[in-house]
Amino acid sequence: MRLYLMKRIFILCCVPAFIVAQQPDTTAIRFSKYITAEGMKKNLTVLASDEYEGRETGKKGQAMAAEYITKYYKNIGIPPLNNLKEGYQQTYPLAVFNPPELKLNINKRAYNQTTDYYSWANITGDTTISITDIEFCGYGINTQVYNDYDRVEVKNKAVMILGGEPYNSDGKSIISQNTEASPWATNHRIKQAEAKKQGIKYLLVVDTNITVSYAQQERRLKHNRMAIDNGSLTDYPLIIYISKQMADEILVSSKQKTNVIIDKISLTAKPLHFSSKTNIELNLKQGKEKVSAENVMAYIEGTDLKNELLVISAHYDHLGVQDEKIYNGADDDGSGTVAVMQLAKTFEEAKKQGKGARRSILFLNFSGEEKGLLGSEYYTEHPVFELNKTVCDLNIDMIGRLDDTHKDNPNYVYLIGSDKLSSQLHKISEQANKTYTNLQLDYTYNDEKDPNRFYYRSDHYNFAKNNVPVIFYFNGVHEDYHEPTDDIEKINFNKMEKISRLVFFTAWQLANQTERVMIDSSKK
10 MRLYLMKRIF
20 ILCCVPAFIV
30 AQQPDTTAIR
40 FSKYITAEGM
50 KKNLTVLASD
60 EYEGRETGKK
70 GQAMAAEYIT
80 KYYKNIGIPP
90 LNNLKEGYQQ
100 TYPLAVFNPP
110 ELKLNINKRA
120 YNQTTDYYSW
130 ANITGDTTIS
140 ITDIEFCGYG
150 INTQVYNDYD
160 RVEVKNKAVM
170 ILGGEPYNSD
180 GKSIISQNTE
190 ASPWATNHRI
200 KQAEAKKQGI
210 KYLLVVDTNI
220 TVSYAQQERR
230 LKHNRMAIDN
240 GSLTDYPLII
250 YISKQMADEI
260 LVSSKQKTNV
270 IIDKISLTAK
280 PLHFSSKTNI
290 ELNLKQGKEK
300 VSAENVMAYI
310 EGTDLKNELL
320 VISAHYDHLG
330 VQDEKIYNGA
340 DDDGSGTVAV
350 MQLAKTFEEA
360 KKQGKGARRS
370 ILFLNFSGEE
380 KGLLGSEYYT
390 EHPVFELNKT
400 VCDLNIDMIG
410 RLDDTHKDNP
420 NYVYLIGSDK
430 LSSQLHKISE
440 QANKTYTNLQ
450 LDYTYNDEKD
460 PNRFYYRSDH
470 YNFAKNNVPV
480 IFYFNGVHED
490 YHEPTDDIEK
500 INFNKMEKIS
510 RLVFFTAWQL
520 ANQTERVMID
530 SSKK
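Each residue of the sequence shown is one higher than the last, beginning at 10 in the working numbering.
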């Protein structure tokens with residue numbers, strides 16, 4: 010019996026504290042009551058009102074929202090940070106590009122911008138470009154298992170690549186080694202970033218389904234495009250998506266066809282590179298405007314572990330006014346915004362009552378998410394606190410509605426990313442829910458095979474790609490997603506309250522346990 014007891018004690022001592030501690034924390038429960046449906050409704054009634062004009066980044070409504078959130082943090086007693094505007098705002102520069110007017114001829118044959126090609130150009134003014142030589146570089150992918158740029162010099166050159174990624178004859182991706190698409194095929198920014206890294210000047214991407222792609226992107230293509238204006242915009246290549254027919258015309262002199270190329274790469278599972286003579290004429294007209302936007306943040310300093318930081322985030326921008334209709338974005342992401350505000354109030358109240366968190370916490374309200382995760386991109390490139398001391402980001406983006414899958418059961422939340430970098434973070438999240446909230450945790454969109462790729466589509470991803478563990482809280486899309494009908498009257502505040510309390514209990518554990526969560530996997 011004594012030997013058995015010694016073994017039992019040894020085993021218990023080796024189990025991480027966050028797994029053993031399954032008894033509810035009465036202090037955490039007491040402070041969780043400060044998160045209320047009424048408090049969130051009060052703030053959302055203001056932020057999702059017509060007065061705020063849809064909170065479009067760089068516009069009046071977004072600036073008004075930044076001021077409202079700032080005032081809220083001041084009023085609840087969170088002190089300002091010395092190195093920020095008003096002590097709460099991180100201002101960042103933006104360039105706004107008008108929709109480009111692009112005319113493109115290949116071998117003196119004119120093509121149509123709306124049916125044969127499209128572009129988000131980053132060159133301003135009136136520009137004429139002539140291309141006589143082009144490098145074909147497969148799919149424009151650079152990985153350890155497959156590299157289209159290996160021993161190929163493409164700096165300052167015009168390059169043509171295929172969209173998507175190569176598959177073997179058995180239907181498996183050469184990149185992911187399974188039947189599902191890798192991020193190289195589902196996240197266009199990855200190829201663009203690689204092209205910038207390679208120093209490519211002009212990048213033509215072959216889209217074999219150009220008409221469908223254009224239809225999906227039409228609304229964005231007809232509106233202004235925004236980018237962080239950090240002085241390096243011209244480092245990106247001019248990127249044009251072209252049809253298969255245009256690609257074949259470009260490759261006439263090399264006697265190549267795109268279908269044959271695709272089949273050859275599939276058969277050999279090896280990159281294919283060659284040079285080709287061509288005659289491409291581009292005439293581009295595009296205007297540019299400089300604006301700025303703000304990330305709003307509130308910082309609550311921790312106690313003995315104050316040099317480590319927990320981030321709780323949401324984006325407060327939305328789509329603004331389009332065709333004289335206001336897109337109020339009550340769910341997307343007014344719901345996450347007011348949840349973060351309530352969480353800040355709760356942790357500040359705990360500190361006032363002598364129960365402040367051991368780690369510091371940064372409550373981060375991003376702008377620019379709807380323009381391409383720009384606010385979080387800027388923050389992670391210009392962090393107010395070092396990213397290597399940031400233990401986790403809990404990101405809330407849309408928690409106020411029901412999707413069709415759960416229309417008869419509001420007691421759910423989609424969790425995305427919790428196990429991508431840290432198995433411990435996933436266990437903490439599961440335990441917090443089991444102990445306190447008993448929500449249905451739906452991991453449908455956490456599946457790497459999910460075609461929606463939501464993991465890459467909200468602000469947490471800019472932390473994840475910098476090796477910071479994340480959890481993304483999400484209610485799924487609904488009929489009013491990105492529509493002017495996403496209004497406060499349709500918000501389920503009781504659902505918001507419960508999900509926000511789950512975030513609180515998870516954050517409470519992360520901010521107070523002795524060891525920071527371990528990074529033990531790499532699915533970012």
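Every residue gets a Cβ at the ideal spot worked out from N, C-alpha and C, and that includes glycine. All figures in this text were calculated on a predicted structure; none of them were measured in a lab.
D313 to V512 span [Cα, whole Å] | As a first step, residue 313 is located in the sequence shown; it is residue number 304 there, counting from the start. As a first step, residue 512 is located in the sequence shown; it is residue number 503 there, counting from the start. Distance between the alpha carbons of D313 and V512: 22 Å.
Is it the case that the Cβ atoms of F283 and H324 are separated by a distance below 8 Å?
-> For the purposes of this step, residue 283 is taken as the residue at position 274 of the sequence shown. For the purposes of this step, residue 324 is taken as the residue at position 315 of the sequence shown. Against a cut-off of 8 Å, the Cβ pair of H324 and F283 comes out as no contact.
Rounded C-beta distance between L113 and Y127? I'm assuming under 8 Å.
-> For this step, residue 113 is matched to residue 104 along the sequence shown. For this step, residue 127 is matched to residue 118 along the sequence shown. With a Cβ gap of about 10 Å, L113 and Y127 do not count as contacting.
If we count the other Cβ atoms within 10 Å of its Cβ and call it buried at 16 or more, is W517 buried or exposed?
-> By 1-based counting over the sequence shown, the position of residue 517 is 508. By the neighbour-count rule (16 or more Cβ atoms within 10 Å), W517 is buried.
Enumerate, from N- to C-terminal direction, the unbroken beta strand (DSSP E) stretches of 3 or more residues contained entirely within the region 421 to 456.
-> 421 to 425, 449 to 451
Whole beta strand (DSSP E) runs in the region 217 to 297 with 3 or more residues, listed along the chain?
-> 234 to 237, 247 to 251, 282 to 295
Let me know if N187 comes out buried or exposed under the rule of 16 or more other beta-carbons within 10 Å of its beta-carbon.
-> Position 178 of the sequence shown, counting from 1, holds the residue named residue 187. Answer is exposed; the Cβ neighbour count stays below 16.
Which whole-angstrom value is the C-beta distance of I425 and F481, which I expect to be below 8 Å?
-> Taking the first residue of the sequence shown as 1, we reach residue 425 at position 416. Taking the first residue of the sequence shown as 1, we reach residue 481 at position 472. Yes, I425 and F481 are in contact; Cβ-Cβ is about 4 Å, under 8 Å.
Ordered along the chain, which non-local residues of its own chain (more than five positions away) have a Cβ less than 6 Å from that of K200?
-> In the sequence shown, the residue the question calls residue 200 occupies position 191. Once the five neighbours on either side are set aside, the close Cβ partners of K200 are G149.
Could you tell me the distance, in whole angstroms, from the CA atom of G319 to the CA atom of K398?
-> Residue mapping note: residue 319 aligns to position 310 of the sequence shown, counting from 1. Residue mapping note: residue 398 aligns to position 389 of the sequence shown, counting from 1. First, the amino acid is wrong: residue 319 is Leu here, not Gly. C-alpha separation (whole angstroms): 9 Å.
Kindly indicate the opening and closing residues of the beta strand (DSSP E) around M169.
-> Start at 1 with the first residue of the sequence shown, and residue 169 comes out as number 160. Element bounds for M169: 167 to 171.
Return the CA-CA distance between H327 and H435, expressed in angstroms with no decimal places.
-> For the purposes of this step, residue 327 is taken as residue 318 along the sequence shown, with counting starting at 1. For the purposes of this step, residue 435 is taken as residue 426 along the sequence shown, with counting starting at 1. One Cα belongs to H327, the other to H435, and the distance between them is close to 30 Å.
Supposed close pair L56, Y82 - CB separation, criterion 8 Å = In the sequence shown, the residue the question calls residue 56 occupies position 47. In the sequence shown, the residue the question calls residue 82 occupies position 73. For L56 against Y82, the beta-carbon gap comes to about 14 Å, at or over 8 Å, which does not count as contact.
Neighbourhood of D451 by C-beta distance below 6 Å, restricted to the same chain and skipping five residues each side = Here residue 451 refers to the residue found at position 442 when the sequence shown is read from its first residue. These residues qualify, in order along the chain: Y421, Y423.
With 16 other CB atoms within 10 Å as the buried threshold, where does G180 fall?
-> Reading the sequence shown from its first residue, position 171 is the one you call residue 180. Result: exposed.
Collapsed DSSP secondary structure at M306 in the structure displayed | Here residue 306 is taken as the residue at index 297 of the sequence shown, counted from 1. M306: strand per DSSP, three-state reduction.
Of all the alpha helix (DSSP H) runs that stay within the bounds of the region 28 to 63, which reach a length of 4 or more residues?
-> 35 to 41, 46 to 56
Please work out which residues of its chain come closer than 6 Å, Cβ to Cβ, to Y465, disregarding the five sequence neighbours upstream and downstream, and give them in chain order.
-> Mapped onto the sequence shown, residue 465 falls at position 456. So the list reads N196, once near-sequence residues are dropped.
Helix or strand or just coil, what does DSSP make of H415?
-> The residue given as residue 415 occupies position 406 in the sequence shown. Helix.
Strand pairing of R368, partner residues [DSSP] = The residue you call residue 368 lines up with position 359 of the sequence shown. According to DSSP, R368 bridges with L314.
Those runs of the beta strand (DSSP E) which lie wholly inside the region 94 to 172 and span at least 3 residues = 98 to 106, 110 to 115, 118 to 120, 126 to 128, 134 to 146, 167 to 171
Please state if the CB of I85 and the CB of E357 are separated by a distance shorter than 8 Å.
-> Looking up residue 357 in the sequence shown gives position 348. Looking up residue 85 in the sequence shown gives position 76. Against a cut-off of 8 Å, the Cβ pair of I85 and E357 comes out as a contact.
Using only alpha-carbon positions, find the residue among I309, E379, N404 that is nearest to K361.
-> Stepping through the sequence shown from its first residue, residue 361 is reached at position 352. Considering only alpha carbons, the answer is I309.
Selected residue, minimal CA-CA separation from L230, among F463, Q122, N442, S432 | Counting from 1 along the sequence shown, the entry for residue 230 is found at position 221. Per the Cα distances, Q122.
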